[in-house]
Each structure stands twice: as structure tokens, then as C-alpha cells.
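Position one of the sequence shown corresponds to residue 212 (my numbering), numbered consecutively onward.
We put the beta carbon where it would ideally sit given N, CA and C, even for glycine.
Since the structure comes first, as C-alpha cells, the remarks are kept for the end.
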Amino acid sequence: MGAVKTKFRTRLALRSRTHSRRRNIVEQLTRITNFRESEVKSWYRLFYADCPDGLLTEPVFVNFYVNFFPSGDEGRKIAMAKRIFHAFDRDGSGTVDFREYLTGMSALLRGSVVEKLKWAFNMYDLDGNGEISRVELHNVLKLILELRNPEATMDDLAALDRPIDRLCDRVFETLDKDRDGKLQIREFVEGVRMNPRVLCLSDEEEMLASLTQDHSQTPHASNLVDFSQASHS
């Protein structure tokens, strides 16, 4: 009988510690993300249902991403999923815990324009040195368009290379004050705040919409990211 009571007390203690840990995580993430407490709790339940040990691995994330977007080139989807996963994995551990996951989702789904660009910026800052090249910026902008238009073909996206190049020329002309061919993250974010129209992608969105064959599934440019709102974030 004593052994049963001891086991029962142990279970109660473990349950209490788990509940306390969950409450602390929810309270903290409610403060630092753009989600309400009820939403954080929902994310928590979903995350731990798929990752009982509290860690999301790259293969699981890649599989989820590829299955979530049934159309499109699988190799391209896998490559993109890996880039996105490494942007979530801020400490480079090879796994993503709930805090990393939700702060990333907050930036992507509810963040200001600058937060979204900063997140994308970090995706291509592979060595973590806080600067990005012209080629990397090109990839960031193209990625934003691709994420918001998953039905676009590789040919559709390839047709955007020249317009995006012209946009990159304008960005570097405006933001690269020391003309070193690199944008530091502070230089980039502050530059966008001071020049909110410099990263307006409306023309490229309209062009992609006109190229995409299935117009019924293509979001209108007015519903997509408008970088002119950066000044209000």
C-alpha cells in the first residue's frame, strides 16, 4: 500500500511540475510573441502532439512542409523547407523547440513587415555575421513571392529574376551607405523604416499573378505584403 501511495505522489509531483512548466512557457510566449494566451495554448497542444519530446527535427518539418503544399516541384519544396527550418533553428542545434518555433511563427504570421524581412534576412545570413549580399537579398525577395504564391511554376519565378534584380539595384543604391556591397542587418532594417517604399513588391506581385496560369488561386497584390507599411510597424 505504501508503494502505491509513493507512486501516486510521484505522478502528482511530475504532473504539477509539467503544468507549472507549461504555464511559465505560455505566459512568457504570450508576452514576447504576437499571439494571445489562448492561441499560445493551442499552438502548445499541437506542437507537443506531434513532438512529444518537445523537439522538432528537420526530417519531420520537411515532410510536413512537402505534404502541406501538394503542388509544385518536390525538390524545390524540400530545399525551401530546409532553409525555413534552419531559420527557425536559431541556435543551430539541429532541432527546434517550442519557443523557437512559436517566435518564428509569430514573425511570419503576425509580425510587422520589418520583423518578416528580418526573419527572411536571417534565413540567408548563413554564417550569422549580420550582413547580406546582393545575391542573398535577391533570394530573400524571391522567397517572399514564392511563399505567398506556392502555385507558381519555376518558369514563373525565373521570369521575375530581372525585375527583382532591378529592385535589388534600387535597394542597394538607397540602403548601402558605405558602398561595400553588403547590407548589415541594422543598416537594412533602419533603411527600410526610413524608406518604406524601397522594398515595395507590388509590381512583381502583379507580374507573377499575370504569369500564373491558375488565376483563381492567385492572391491579389493588395492582399499581400505591402512594404509601405513598414514605417508604421
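- Contained beta strand (DSSP E) runs [length at least 3] in the segment 371-413, N- to C-terminal order: Within the segment 371-413, the complete beta strand (DSSP E) runs of at least 3 residues fall at 393-395.
- Task: Identify the continuous beta strand (DSSP E) that holds residue 342 and give its terminal residues.
- Result: On the sequence shown, residue 342 is found 131 positions in, with the first residue counted as 1. Residue 342 -> beta strand (DSSP E) spans 342-344.
- Item | Alpha carbon of residue 314 to alpha carbon of residue 241, nearest angstrom | As a first step, residue 314 must be located in the sequence shown, where it is residue number 103. As a first step, residue 241 must be located in the sequence shown, where it is residue number 30. Each residue's alpha carbon lies about 10 Å from the other.
- Item | Residues that residue 267 bridges to, as DSSP identifies them | The residue you call residue 267 lines up with position 56 of the sequence shown. Its beta-bridge partners are 307.
- Query: In three-state DSSP terms, what is residue 436?
  - Reply: Here the question's residue 436 lines up with position 225 in the sequence shown. Model confidence at residue 436 stands at a pLDDT of 32, short of 50, so the residue's coordinates are unreliable; what they give is reported in the following sentence. Correct three-state label for residue 436: coil.
- Beta carbon of residue 393, beta carbon of residue 371: below 8 Å? Taking the first residue of the sequence shown as 1, we reach residue 393 at position 182. Taking the first residue of the sequence shown as 1, we reach residue 371 at position 160. Their beta carbons are not under 8 Å apart, which means residue 393 does not touch residue 371 by this criterion.
- With respect to the alpha helix (DSSP H) encompassing residue 332, which residues constitute its N-terminal and C-terminal limits? To locate residue 332, count along the sequence shown from 1; it is residue 121. For residue 332, the uninterrupted alpha helix (DSSP H) segment begins and ends at 324-335.
- Would DSSP call residue 366 helix, strand or coil? For the purposes of this step, residue 366 is identified with residue 155 of the sequence shown, where counting begins at 1. The answer is helix: DSSP assigns residue 366 an H, G or I state.
- Message: For a test of the three-state rule: what should DSSP assign to residue 314, helix, strand or coil?
- Response: If you number the sequence shown from 1, residue 314 lands on position 103. Residue 314: helix per DSSP, three-state reduction.
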